[in-house]
Structure formats: C-alpha cells, structure tokens
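Residue numbers (the working numbering): 9 to 431.
Cβ atoms here follow ideal geometry from the backbone N, Cα and C, with glycine treated the same way.
This one's a predicted model, so the numbers in the text were calculated from it and none came from an experiment.
Next comes the structure, spelled out in structure tokens:
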C-alpha cells in the first residue's frame with residue numbers, strides 16, 4: 009500500500025472502484041429481465057435480442073486483448089478512469105434508446121468501457137494491496153456478482169413498481185454516474201504508477217510468447233470454455249428457459265437467477281479459504297470446479313427430458329454457478345503458469361477468449377432456439393415461448409464445450425502455489 013497517501017483515501021477509492029465494478033456486472037446481465045420487453049418494444053425475434061447482448065460481449069472481448077498492453081503501459085488507474093466514463097455514457101444511453109440501432113450503439117459504448125475495467129482493477133489491486141491480492145480480489149468479485157444478481161428480482165420488482173423498464177434502468181444508471189464521479193474525485197489522492205514508455209502498445213511479441221507456453225494453452229482451453237458456458241446462460245437465456253420450459257413465473261425464474269448469482273458471488277471467497285487446507289493443490293480444485301459445471305448442465309438437461317421439472321433444472325444451474333464462482337482460483341493458476349512479465353497478457357487472452365466464446369455460443373443459442381423451436385414456437389400476446397427441444401439443443405452444445413474444458417484442464421500442471429514458469 010502506498011505510504012504517500014492516507015489509508016482512508018485509498019479505501020474510499022477502492023470502495024468507489026468496487027461500486028463501478030458492481031455496475032460492470034450489472035450491465036453484462038441487464039438485458040435478461042427485459043428480454044420480453046425488448047422483443048415487444050422493437051418487434052424483433054430472439055436472435056435480435058441475443059444479438060444485442062452478444063454485440064456487447066464481442067466489443068468486451070476485443071477490449072480485453074487491447075487492454076492488457078494499454079494497462080502495462082499506462083497503469084491501471086488511468087485506463088480505469090477512461091473506461092468508467094465510457095461505461096457510464098453507454099449505460100445511460102440504453103433506457104433512452106428509441107430505435108434498435110441506438111440500443112446496439114449504447115451496448116457498444118458500454119462494452120468499450122466495461123472491457124477495460126477488470127484488468128485495470130487487477131493491476132490496481134496488485135499495486136495497492138500486493139500482500140492481500142487474493143482476498144481483495146475475492147471481495148471485489150463478490151460485489152461484482154452481486155451486481156449481476158441485481159438484474160434479477162430487484163430489477164423485476166423495479167420494472168413492476170415503475171411500470172417501465174426504461175425508468176427502472178434509468179434509476180440504476182444514475183447511481184453508476186454518481187459512483188463514476190466519486191471514482192474520478194478519489195483518484196486524485198491515489199499514487200499512480202509511472203507510465204512505462206518502453207512498453208509497446210501494438211506489439212505482438214508478448215502474445216507470441218504466451219502462445220508458446222504449452223501450460224498456458226491448456227489452461228486457455230479449459231477455464232474460458234467453462235466460464236463462457238456459465239456466463240452465456242446467466243446473461244442471456246436462463247431466466248427465459250426457466251419460464252418457457254420449467255413453467256416458472258417471472259418471480260420464480262428471477263429467484264433461480266438470483267440464487268445463481270448469490271452462489272457464484274459467495275464462492276468467490278472459498279478458494280482463498282481452501283488453498284491452505286489442500287496445501288495449494290490448485291489443479292485438484294480446478295478439476296472439481298470443471299466437473300461440477302459439467303454435472304450441472306447435465307442435470308438441467310435431465311430436468312428438461314423429464315418434462316420440464318424446474319427443481320432439477322434449478323439445481324443444475326446452481327451447480328454451474330458454483331463452478332463459475334472460482335475466479336480467484338483460476339486467476340491464481342494463470343499467474344503461476346505464466347511468465348511473470350506477461351501475466352497481464354495471459355489474463356487478457358483468457359478474458360478475451362471467454363467473451364468471444366460467449367459471443368459465439370450466445371449468437372448460436374439464439375439461432376438454435378428459432379431453428380429447433382420450429383413449428384412448436386408459440387406466442388402469447390407479444391411474448392414468444394420456445395419448446396423444450398430448443399433449450400435441450402442449447403444445453404447439449406454447452407455440455408460439449410465443458411467436456412472439452414475438462415479434457416484440456418486435465419493437462420494443466422499442478423502449481424502448488426508457485427510460479428512454475430521460472431523453472
């Protein structure tokens with residue numbers, strides 16, 4: 009922690025930073041509770057709505073690859089401030105949009121801003137709290153997932169209370185703008201790392217070096233596929249799947265979603281608590297994580313096959329959420345299988361791949377709902393209801409993704425809490 013500035017200023021800065029990260033995750037999932045409203049307002053099919061989400065994810069993914077190099081040059085805090093401004097502008101544009109192209113533009117701006125923030129936060133936590141990195145990261149991730157959870161029952165309640173999804177989101181956006189202004193104000197009291205003018209912004213060498221690291225390649229073939237599966241379901245169709253196939257009310261479907269978020273948030277603290285108990289055998293925990301995700305998707309598929317039983321479907325989604333909550337574990341493994349000079353690049357590759365996979369699987373899921381739904385698709389007013397076979401096809405696709413993740417993850421070496429790249 010910096011000796012030049014008071015602990016109070018740094019903690020206030022971190023509090024505003026974590027609040028902004030809350031809204032990064034809120035924005036990732038904000039279209040879930042308004043899926044039907046967007047279809048009705050703009051008169052579009054499921055592919056168009058999931059296209060809005062995947063457009064955000066595509067921009068977010070692209071920003072991951074750029075942010076790694078930008079952060080290495082300019083430091084986390086400078087990039088963080090610029091990204092927060094983009095995030096606030098894009099978020100405020102969404103409820104003001106009157107045409108679909110405006111929704112896309114709003115999500116692109118939001119994706120640009122949100123895409124810079126995660127890696128910047130990691131850089132700043134490493135700078136300000138090097139001795140407590142895992143714990144502070146765990147707290148940050150927990151609050152971030154609470155942000156995702158607020159797109160469940162709280163947003164559903166707000167939409168019902170105000171009678172408009174635009175007003176409900178506008179109120180949340182006002183809080184984000186306030187948090188962004190506080191972040192800008194407190195940043196003046198925090199020591200910034202010097203600009204590294206020797207770091208090249210457009211060099212491919214760090215990425216070439218990363219691709220030559222076999223251990224890193226196996227890890228990139230594992231964790232991104234599992235996280236993409238979890239986040240794609242969470243941020244796009246899980247609530248609608250529970251309504252269409254599980255015959256849940258919007259409130260019960262929102263409950264299933266909110267519990268998913270609560271589980272994934274609470275478990276963020278678990279890796280730090282377990283690592284000493286298992287003598288830092290991270291691979292063992294990693295395989296358990298991947299296996300839990302695979303079993304969760306399989307159980308949800310069984311629930312669909314058994315006539316749309318919502319309880320096994322919900323339990324399966326909660327198991328997947330548990331697997332998706334081990335971010336501090338996988339982040340630690342990335343730090344331990346990577347060249348210490350290229351950890352930022354390794355994490356940018358991981359995050360970028362996650363959201364490219366979310367983009368691809370999310371877009372494919374939207375098309376699969378329409379294609380496999382076929383003549384069995386029903387309309388109730390302005391709401392489109394997809395049949396069980398359409399969702400089952402999506403789950404089978406995701407099961408294949410996590411199966412590949414398990415195979416690749418089995419080749420990741422045990423790190424035992426040490427950086428093995430050094431030999």
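Cα-Cα separation, residue i to residue j
{"i": "residue 389", "j": "residue 76", "result": "47 Å"}
{"i": "residue 324", "j": "residue 199", "result": "45 Å"}
{"i": "residue 72", "j": "residue 260", "result": "35 Å"}
{"i": "residue 414", "j": "residue 246", "result": "23 Å"}
{"i": "residue 256", "j": "residue 96", "result": "34 Å"}
{"i": "residue 100", "j": "residue 420", "result": "42 Å"}
{"i": "residue 88", "j": "residue 352", "result": "15 Å"}
{"i": "residue 348", "j": "residue 49", "result": "50 Å"}
{"i": "residue 273", "j": "residue 237", "result": "17 Å"}
{"i": "residue 326", "j": "residue 307", "result": "10 Å"}
{"i": "residue 217", "j": "residue 267", "result": "40 Å"}
{"i": "residue 183", "j": "residue 223", "result": "42 Å"}
{"i": "residue 341", "j": "residue 173", "result": "40 Å"}
{"i": "residue 141", "j": "residue 252", "result": "42 Å"}
{"i": "residue 265", "j": "residue 39", "result": "13 Å"}
{"i": "residue 152", "j": "residue 314", "result": "35 Å"}
{"i": "residue 63", "j": "residue 123", "result": "12 Å"}
{"i": "residue 387", "j": "residue 393", "result": "6 Å"}
{"i": "residue 22", "j": "residue 416", "result": "36 Å"}
{"i": "residue 401", "j": "residue 202", "result": "51 Å"}
{"i": "residue 354", "j": "residue 79", "result": "13 Å"}
{"i": "residue 285", "j": "residue 418", "result": "22 Å"}
{"i": "residue 356", "j": "residue 239", "result": "17 Å"}
{"i": "residue 70", "j": "residue 107", "result": "25 Å"}
{"i": "residue 171", "j": "residue 104", "result": "16 Å"}
{"i": "residue 422", "j": "residue 288", "result": "9 Å"}
{"i": "residue 113", "j": "residue 375", "result": "22 Å"}
Own chain residues within Cβ distance below 6 Å of residue i, not counting five before or after
{"i": "residue 395", "result": "381, 384"}
{"i": "residue 311", "result": "317, 320, 321"}
{"i": "residue 187", "result": "24, 27, 28"}
{"i": "residue 46", "result": "57"}
{"i": "residue 91", "result": "121, 124, 125"}
{"i": "residue 181", "result": "99, 100"}
Sequence-distant residues of the same chain with beta carbon closer than 7 Å to residue i, five excluded per side
{"i": "residue 11", "result": "Bear in mind that the predicted position of residue 11 carries a pLDDT of just 49, short of 50, making it unreliable; the figure below should be weighed with that in mind. Result list for residue 11: empty, nothing under 7 Å."}
{"i": "residue 248", "result": "43"}
{"i": "residue 227", "result": "341, 342, 345, 420"}
{"i": "residue 13", "result": "Residue confidence is low: residue 13 scores 49 on pLDDT, short of 50, so the model does not pin down where it sits. Its coordinate-derived value is still stated next. These residues qualify, in order along the chain: 197, 198, 199."}
Check whether residue i and residue j have beta carbons under 8 Å apart
{"i": "residue 15", "j": "residue 60", "result": "no"}
{"i": "residue 135", "j": "residue 51", "result": "no"}
{"i": "residue 111", "j": "residue 102", "result": "yes"}
{"i": "residue 66", "j": "residue 233", "result": "no"}
{"i": "residue 282", "j": "residue 293", "result": "yes"}
{"i": "residue 215", "j": "residue 362", "result": "no"}
{"i": "residue 403", "j": "residue 271", "result": "no"}
{"i": "residue 119", "j": "residue 68", "result": "yes"}
{"i": "residue 336", "j": "residue 161", "result": "no"}
{"i": "residue 37", "j": "residue 242", "result": "yes"}
{"i": "residue 148", "j": "residue 167", "result": "no"}
{"i": "residue 298", "j": "residue 410", "result": "yes"}
Unbroken alpha helix (DSSP H) run spanning residue i, endpoints
{"i": "residue 271", "result": "258-274"}
{"i": "residue 115", "result": "108-136"}
{"i": "residue 104", "result": "Neither: residue 104 is in no alpha helix (DSSP H) and is coded neither H nor E."}
{"i": "residue 230", "result": "Looking at the DSSP string, residue 230 is not in any alpha helix (DSSP H), and its letter there is neither H nor E."}
{"i": "residue 21", "result": "15-37"}
{"i": "residue 44", "result": "43-50"}
{"i": "residue 180", "result": "173-195"}
{"i": "residue 356", "result": "351-381"}
{"i": "residue 251", "result": "246-252"}
{"i": "residue 214", "result": "213-219"}
The beta strand (DSSP E) enclosing residue i, as first and last residue numbers
{"i": "residue 387", "result": "386-388"}
{"i": "residue 392", "result": "391-393"}
Status (buried if at least 16 other CB within 10 Å, exposed otherwise) for residue i
{"i": "residue 262", "result": "buried"}
{"i": "residue 230", "result": "buried"}
{"i": "residue 156", "result": "buried"}
{"i": "residue 279", "result": "buried"}
{"i": "residue 158", "result": "buried"}
{"i": "residue 109", "result": "exposed"}
{"i": "residue 367", "result": "buried"}
{"i": "residue 192", "result": "exposed"}
{"i": "residue 213", "result": "exposed"}
{"i": "residue 359", "result": "buried"}
{"i": "residue 334", "result": "buried"}
{"i": "residue 196", "result": "exposed"}
{"i": "residue 424", "result": "exposed"}
{"i": "residue 131", "result": "buried"}
Chain-order list of residues whose beta-carbon lies under 8 Å from that of residue i (same chain, five-residue window excluded)
{"i": "residue 19", "result": "none"}
{"i": "residue 164", "result": "41, 258, 259, 262"}
{"i": "residue 407", "result": "302, 305, 306, 309"}
{"i": "residue 219", "result": "225"}
The ligand SAH heavy atom lying under 7 Å from the CB of residue i
{"i": "residue 337", "result": "In the structure shown, the ligand SAH is absent, as is every other ligand, since no ligand is present at all."}
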